[in-house]
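Note that this note's numbering numbers the sequence shown so that position 142 is 226, with each residue one more than the last. Glycine included, every Cβ here is placed at the ideal spot set by N, Cα and C. Remember, it's a predicted structure, so these values are computed and weren't measured experimentally. Written below as structure tokens is the structure these notes are about.
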Amino acid sequence: MKDVNLSDLKAFAHVARHRSFQKAADALGVSRSSLSHALKGLERHLDVRLLHRTTRSVAVTEAGEQLLHRLLPLLRELDGVLDAVSHGQDELVGTLRINANKGGARWLLRHAVPLFQRRHPRVALDLVTEGQLVDIVGEGFDAGVRLAESVPKDMVAVHFGSDVRFVAVASPGYVETFGAPVMPADLLSHRCIRQRLPSGKRYRWEFEKGTQQLALDVPGTLSLDDNDLMVEAASDGLGVAFVPESFARPALDSGTLVLLLEDWTPASPGLCLYYTSYRHVPAPLKAFIAVVREVTQGLDDPQPQTTSG
Numbered sequence: 085m086k087d088v089n090l091s092d093l094k095a096f097a098h099v100a101r102h103r104s105f106q107k108a109a110d111a112l113g114v115s116r117s118s119l120s121h122a123l124k125g126l127e128r129h130l131d132v133r134l135l136h137r138t139t140r141s142v143a144v145t146e147a148g149e150q151l152l153h154r155l156l157p158l159l160r161e162l163d164g165v166l167d168a169v170s171h172g173q174d175e176l177v178g179t180l181r182i183n184a185n186k187g188g189a190r191w192l193l194r195h196a197v198p199l200f201q202r203r204h205p206r207v208a209l210d211l212v213t214e215g216q217l218v219d220i221v222g223e224g225f226d227a228g229v230r231l232a233e234s235v236p237k238d239m240v241a242v243h244f245g246s247d248v249r250f251v252a253v254a255s256p257g258y259v260e261t262f263g264a265p266v267m268p269a270d271l272l273s274h275r276c277i278r279q280r281l282p283s284g285k286r287y288r289w290e291f292e293k294g295t296q297q298l299a300l301d302v303p304g305t306l307s308l309d310d311n312d313l314m315v316e317a318a319s320d321g322l323g324v325a326f327v328p329e330s331f332a333r334p335a336l337d338s339g340t341l342v343l344l345l346e347d348w349t350p351a352s353p354g355l356c357l358y359y360t361s362y363r364h365v366p367a368p369l370k371a372f373i374a375v376v377r378e379v380t381q382g383l384d385d386p387q388p389q390t391t392s393g
């Protein structure tokens with residue numbers, strides 16, 4: 085039996101998963117050169133080529149795929165063993181990496197992160213905000229946060245927070261000048277503030293009333309990629325915006341914005357914390373999920389409950 089360094093095997097698994105030495109090095113917190121050196125040493129030790137390297141890409145060889153297929157379950161089992169040991173300690177330690185959209189990160193920072201940090205001060209929380217949906221496993225994240233409709237089907241999803249409602253809004257001055265749309269199709273003759281998605285495509289505004297559903301590619305000469313900026317632009321009278329109600333609520337309450345087509349914009353399932361079902365769930369993530377569920381229940385039921393026994 086060959087005496088192989090466990091850290092080299094983990095390094096290979098990261099490079100094979102990321103298909104990139106630089107991304108794997110970033111995930112492991114090591115230099116690219118040291119990672120490359122470790123992989124070359126592993127290949128010499130095993131006397132087999134595991135990776136095809138070019139200046140622009142990394143591909144896994146057939147032998148590498150065979151090793152990876154057998155290796156990943158073993159590494160997950162090892163994580164479980166170490167996790168079981170860590171549960172016996174007084175405090176959790178480690179790093180928890182979460183990729184979230186801006187709204188999800190704001191909710192977590194306001195409601196869940198303070199409690200989590202008080203309970204688990206030795207866990208480093210790395211919360212990355214990103215508009216584009218990413219492969220959380222491939223990018224080295226423990227979990228992601230997105231709207232329920234965007235969560236990949238093969239992920240375990242934990243709903244939190246309230247439902248989300250997208251609303252059409254405009255300033256009172258805009259409505260006085262251009263009128264208020266009565267039907268979604270009326271927006272086709274309005275000045276709309278369009279949203280550009282991280283993929284480069286423009287977001288189609290979705291409306292629903294009873295059994296009627298439609299998605300409009302609205303007209304407009306202004307496109308933005310940030311909900312806060314769209315609210316500001318609409319408040320300044322630049323057109324009609326379509327944003328999550330939570331972003332527009334302060335302006336709606338102050339009267340700088342008014343709701344349009346209110347009966348065409350019902351609420352839909354909100355945010356989810358999600359993670360892969362194909363690997364061991366680390367203890368810091370389990371603890372974070374518990375906190376998210378606890379604060380969500382507390383917000384849903386603000387009255388304290390007492391139990392006996």
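Per-residue burial, residue i [other beta carbons within 10 Å of its own, 16 or more giving buried]
| i | result |
| --- | --- |
| Val315 | buried |
| Leu383 | exposed |
| Val212 | exposed |
| Ala122 | buried |
| His204 | buried |
| Gln279 | buried |
| Val376 | buried |
| Arg154 | exposed |
| Gly294 | exposed |
| Pro368 | buried |
| Ser273 | exposed |
| Ala109 | buried |
| Arg230 | buried |
| Ser118 | exposed |
| Ala227 | buried |
| Asn183 | buried |
| Asn89 | exposed |
| Ala332 | buried |
| Val177 | exposed |
| Leu193 | exposed |
| Gly323 | buried |
Proximity of residue i and residue j at Cβ, strictly below 9 angstroms
| i | j | result |
| --- | --- | --- |
| Leu162 | Ala100 | no |
| Ala264 | Pro353 | no |
| Asp135 | Gly148 | The sequence given here places Leu at residue 135; Asp does not occur at that position. It is a contact, given that the beta carbons lie within the stated cut-off. |
| Asn185 | Glu214 | yes |
| Lys124 | Leu112 | no |
| Gly200 | Phe372 | The residue asked about is misnamed: residue 200 is Phe in this sequence, not Gly. Taking 9 angstroms as the Cβ cut-off, Phe200 and Phe372 qualify as a contacting pair. |
| Thr360 | Glu292 | no |
| Glu340 | His195 | Rather than Glu, the amino acid found at residue 340 in this sequence is Thr. Contact flag unset, no. |
| Val342 | Val253 | yes |
| Ser120 | Phe105 | yes |
| Arg275 | Pro303 | yes |
| Asp320 | Ser255 | yes |
Residues that residue i bridges to, as DSSP identifies them
| i | result |
| --- | --- |
| Asn183 | Val212, Gly228 |
| Ile277 | Leu306 |
| Leu355 | Leu231, Phe244 |
Under the three-state DSSP convention, the category residue i falls into
| i | result |
| --- | --- |
| Leu176 | coil |
| Glu223 | coil |
| Arg206 | coil |
| His364 | coil |
| Ser392 | Confidence at Ser392 is low in this model, with a pLDDT of 33, below 50, so its placement is unreliable and no value can be given for it. |
| Ala254 | strand |
| Met267 | coil |
| Ala241 | strand |
| Val114 | coil |
| Pro236 | coil |
| Pro198 | helix |
| Ser283 | coil |
| Arg103 | coil |
| Arg190 | helix |
| Arg377 | helix |
| Val218 | coil |
| Val259 | helix |
Requested in this report: May I have a chain-ordered list of the beta strand (DSSP E) segments no shorter than 3 residues that lie completely inside the segment 116 to 160?
Outcome: For the segment 116 to 160, whole beta strand (DSSP E) runs of length 3 or above, ordered along the chain, are 135 to 137, 142 to 144.
Query raised in the report: In the segment 286 to 346, which residue ranges form an unbroken beta strand (DSSP E) of at least 3 residues, counting only runs that do not cross its ends?
Result: For the segment 286 to 346, whole beta strand (DSSP E) runs of length 3 or above, ordered along the chain, are 289 to 293, 296 to 300, 306 to 308, 325 to 328, 342 to 344.
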